[in-house]
Amino acid sequence: MNCSRCPNASASNLKHLGPLCEDCFCDIIERRARKELRQNCPLKPKDAVAIRHDKGLESAVLEYIVRKVASEIPCELLILDAEKRPSAQVRLLIPVSATTLASTLLQEVLDNKTTDTPQEGIAVFETLTDEEMLTFAKFKDLKYEENVPSEIDRVIKMIDEKYENGTFGLVKSKKVLDSVSTSQSRDNRQQ
Ligand SMILES: [Zn+2]
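Sequential numbering from 1 applies to the sequence shown in the working numbering.
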């Protein structure tokens, strides 16, 4: 099968993206990641950003993308050890994928409670799924440590196989629920 964007042979076939060659696939993912980075954390020359490397898939993809962007602008990129905090002038980027958001939502529904995790940095990558990042890492030959999929991860995979864009649908639902619960707690405080 050929790539849907160019005459090359298709190398990936994620249902929602269709057949794509390595270059076109990586191009789509990189554009999406860069757009989100630009929106959530616009960088100017001489700015400094940090990422905390936990050796996982999301950190590996984030490092690849931010390294490229930082070299073009150019600005400083700090790679921190797992527990280290950046100084106040440095913005910390935290990769939180669509898959992570979707699994948080499912866990909240199952536990019948909302988790209020404090955000210590700027979240990026909510427009990318773990499956997309896996394929991207494979094509770019990025090194990372695999973690064992949880029960929730397997449920999300099933939803994705059954419904096109299932993960992104869950992310949308999570945003709606979060805004409802935020406005409810605001109303409660006002009463
Ligand atoms: Zn192509």
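Think of the CB as a built atom: it goes at the ideal place given N, C-alpha and C, for glycine as much as any other residue.
Since the structure is predicted, the reported quantities are computational estimates derived from the model, not experimental observations.
Sequence-distant residues of its chain with Cβ nearer than 6 Å to residue i (five each side left out)
| i | result |
| --- | --- |
| A11 | C21 and E22 |
| D47 | C75 |
| L170 | A102 and L105 |
Residue i in three-state terms, based on DSSP
| i | result |
| --- | --- |
| V49 | strand |
| R38 | helix |
| G18 | strand |
| V124 | strand |
| R91 | strand |
| A102 | helix |
| A11 | coil |
| N2 | strand |
| V96 | coil |
| L43 | coil |
| N188 | helix |
Residue i, buried or exposed, once every other Cβ within 10 Å from all chains shown has been counted against 16
| i | result |
| --- | --- |
| E58 | buried |
| L110 | exposed |
| M158 | exposed |
| C24 | buried |
| D160 | buried |
| S103 | buried |
| K174 | buried |
| V66 | buried |
| E131 | buried |
| E146 | exposed |
8 Å Cβ shell around residue i - same chain, five flanking residues per side excluded
| i | result |
| --- | --- |
| V124 | A33, E36, L37, N40, C41, L62, L93, I94, P95 and V96 |
| P19 | M1, N2, C3, S4, S10, S12 and N13 |
| I28 | L17 and L20 |
7 Å Cβ shell around residue i - same chain, five flanking residues per side excluded
| i | result |
| --- | --- |
| V69 | R34, L37 and L43 |
| T99 | T129, D130, I156 and T167 |
| M133 | L57, E58, V61 and S97 |
Residue i at chain C interface by Cβ criterion, 8 Å
| i | result |
| --- | --- |
| T135 | Of the protein chains in this structure there is only one, and it is not chain C. |
Among all residues, which have a Cβ less than 6 Å from at least one non-hydrogen atom of ligand 1, and in what chain order do they fall? C3, R5, C6, N8, L20, C21, D23 and C24
Return the chain-ordered ranges of every alpha helix (DSSP H) run that is complete within the region 114-181 and spans a minimum of 4 residues. 130-140 and 151-162
Can you check the region 49-87 for any beta strand (DSSP E) of at least 3 residues that lies completely inside it and give the ranges in chain order? 76-80
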